[in-house]
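Engineer: Chains as they are written, first to last, in our numbering: chain A, 11 to 233; chain B, 8 to 198. Beta carbons are placed, not taken as given, at the ideal position from N, Cα and C, and that holds for glycine. Since the structure is predicted, the reported quantities are computational estimates derived from the model, not experimental observations.
1) Applying the 10 Å Cβ sphere with the 16-neighbour rule, what's the burial state of residue 117 (chain B)?
2) Of all the CB atoms in chain B, is at least one closer than 7 Å to the CB of residue 88 (chain A)?
3) Identify the contact partners of residue 42 (chain B) in chain A, using a Cβ-Cβ distance below 8 Å as the criterion.
4) With a threshold of 7 Å between beta-carbons, can residue 81 (chain A) be considered close to chain B, or not?
5) Consult DSSP for residue 33 (chain A) and reduce its assignment to one of helix, strand or coil.
6) Are the CB atoms of residue 26 (chain A) and residue 162 (chain B) within a distance shorter than 7 Å?
7) DSSP three-state call for residue 28 (chain A): helix, strand or coil?
8) Look at the Cβ atom of residue 140 (chain B), then the Cβ atom of residue 99 (chain B), and state whether they are nearer than 7 Å.
9) Using a Cβ-Cβ cut-off of 7 Å, state whether residue 46 (chain B) counts as contacting chain A.
10) Return the CA-CA distance between residue 98 (chain A) and residue 30 (chain B), expressed in angstroms with no decimal places.
11) What does the Cβ neighbour count give for residue 192 (chain B), buried or exposed, with the cut at 16 atoms within 10 Å?
12) Under 7 Å Cβ to Cβ from residue 71 (chain B), same chain only, skipping five residues before and after it: list those, please.
13) Given that a residue counts as buried once 16 or more other Cβ atoms are within 10 Å of its Cβ, and exposed if not, what is residue 88 (chain B)?
14) Using a Cβ-Cβ distance cut-off of 7 Å, determine whether residue 120 (chain A) contacts chain B.
15) Under the criterion of a Cβ to heavy atom distance below 6 Å, does residue 42 (chain B) qualify as lining the ligand COA?
16) Per DSSP, what kind of secondary structure is residue 77 (chain B) in: helix, strand or coil?
17) Verify the CB distance criterion: does residue 116 (chain B) have a CB-CB separation below 7 Å to chain A?
18) Going along the chain, which residues of its own chain have a beta-carbon closer than 6 Å to the beta-carbon of residue 151 (chain B), five neighbours each way excluded?
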């Protein structure tokens, strides 16, 4: 009879039984002296365990706290995605500088090429009549598309590498002309707009970084 | 207008959030609040007050390092106990060769300096026997017993702390209690 509820007496003693199970154990206890004795034994065990003292305080609580604070790493660890995000955030100025350098380089190269090509450099580099036979003129589309078009029209396998070189110079000349052309000079406008956007992004980044550092100081120094 | 004062749980959650953002002072306050519980859990596990304090400090440092993993679904105390039991296991593993838990000295509080001579002797003997009986339990059963009997955690909370099913909590507790009832039988009859 005792076996029937002895496995549940611990849970009953701990107040972890509910509903039908609780009713069954209570009903059994009402008629089983052995189980009641076992329950009393469990209660006595809990009382005995409670008599066992807690850990002796060897270090004063405030000293304990101070020791823990001293041993703490500077920052709590952060998840990997958070670290990657912060690393990315820190490299934003580098990316912006790269973008600025790229815009400047394109502008400078455009100037040089325009001046060079416009000044007859292509004519000097290439044999006379190099641009003949390139029509319909390769004004639209990408360089690759134009090369493919030329391949179809002029049969590159027989035309040779020189034709590709001629076309490339021709395309570059056109593109540079576009960049330097326009009412205010497209090149200048693009240059100014792109530099303004880069500057705006940089100042936004700087402001958010300053806010981040301020909030961090506030949380770590406490003021 | 919300003029209601923050509850202790809300205040603790606020401290946890601040600590997660790197606020050491907030974490220090959390240490202050939970020091006793964490030290006791480790102490009951390894039976040495010096080891327990060192291990408790280690547990708090681990908690700081992994604070971003804490989710307020469960009480912070239980999360700390989970770390504390892991640290206690490591301590027991490390100290197995160097410390014999059955021969550890009595702590000052177990010696009961404020009690009378007879009570002191009796209390010392009983305290020592209880301590040894608990320490003689297998670690898995000991953890469950300590969290239930000394820290008052529910079965569900113990299951969460130890990452085991509730059925296993029950069987470990039953096993631990049956073993203790055998080893402490003379003291249970007196009570």
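Structural biologist: In short:
1) Reliability fails at residue 117 (chain B), whose pLDDT of 45 lies under 50, so the model's placement of it is uncertain and the value that follows must be treated cautiously. A buried status is given to residue 117 (chain B), since no fewer than 16 other beta-carbon atoms sit within 10 Å of its beta-carbon.
2) For residue 88 (chain A), the answer is yes, since a Cβ of chain B falls inside 7 Å of its Cβ.
3) Close to residue 42 (chain B), with beta-carbon spacing below 8 Å, are these residues of chain A in chain order: 71, 74, 75.
4) For residue 81 (chain A), the answer is yes, since a Cβ of chain B falls inside 7 Å of its Cβ.
5) In the structure shown, the three-state DSSP call for residue 33 (chain A) is helix.
6) Between residue 162 (chain B) and residue 26 (chain A), the C-beta gap is smaller than 7 Å, which places the two residues in contact.
7) Three-state DSSP puts residue 28 (chain A) in coil, outside helix and strand.
8) Not a contact, by the Cβ cut-off of 7 Å.
9) Output row for residue 46 (chain B): interface = yes.
10) Taking C-alpha positions only, residue 98 (chain A) is separated from residue 30 (chain B) by approximately 24 Å.
11) Taking a 10 Å sphere around the C-beta of residue 192 (chain B), we find fewer than 16 other C-beta atoms and assign the residue as exposed.
12) Same-chain partners within the cutoff: 34.
13) With 16 or more other Cβ atoms from the protein chains shown falling within 10 Å of its own Cβ, residue 88 (chain B) counts as buried.
14) Chain B contact via Cβ: absent.
15) The ligand COA is not part of the structure shown, which contains no ligands of any sort.
16) If DSSP states are grouped into helix, strand and coil, residue 77 (chain B) belongs with coil.
17) For residue 116 (chain B), the predicted model reports a pLDDT of 46, less than 50, meaning its position is unreliable and no value from the coordinates is stated.
18) So the qualifying residues of the chain are 165, 176, 179, 180.
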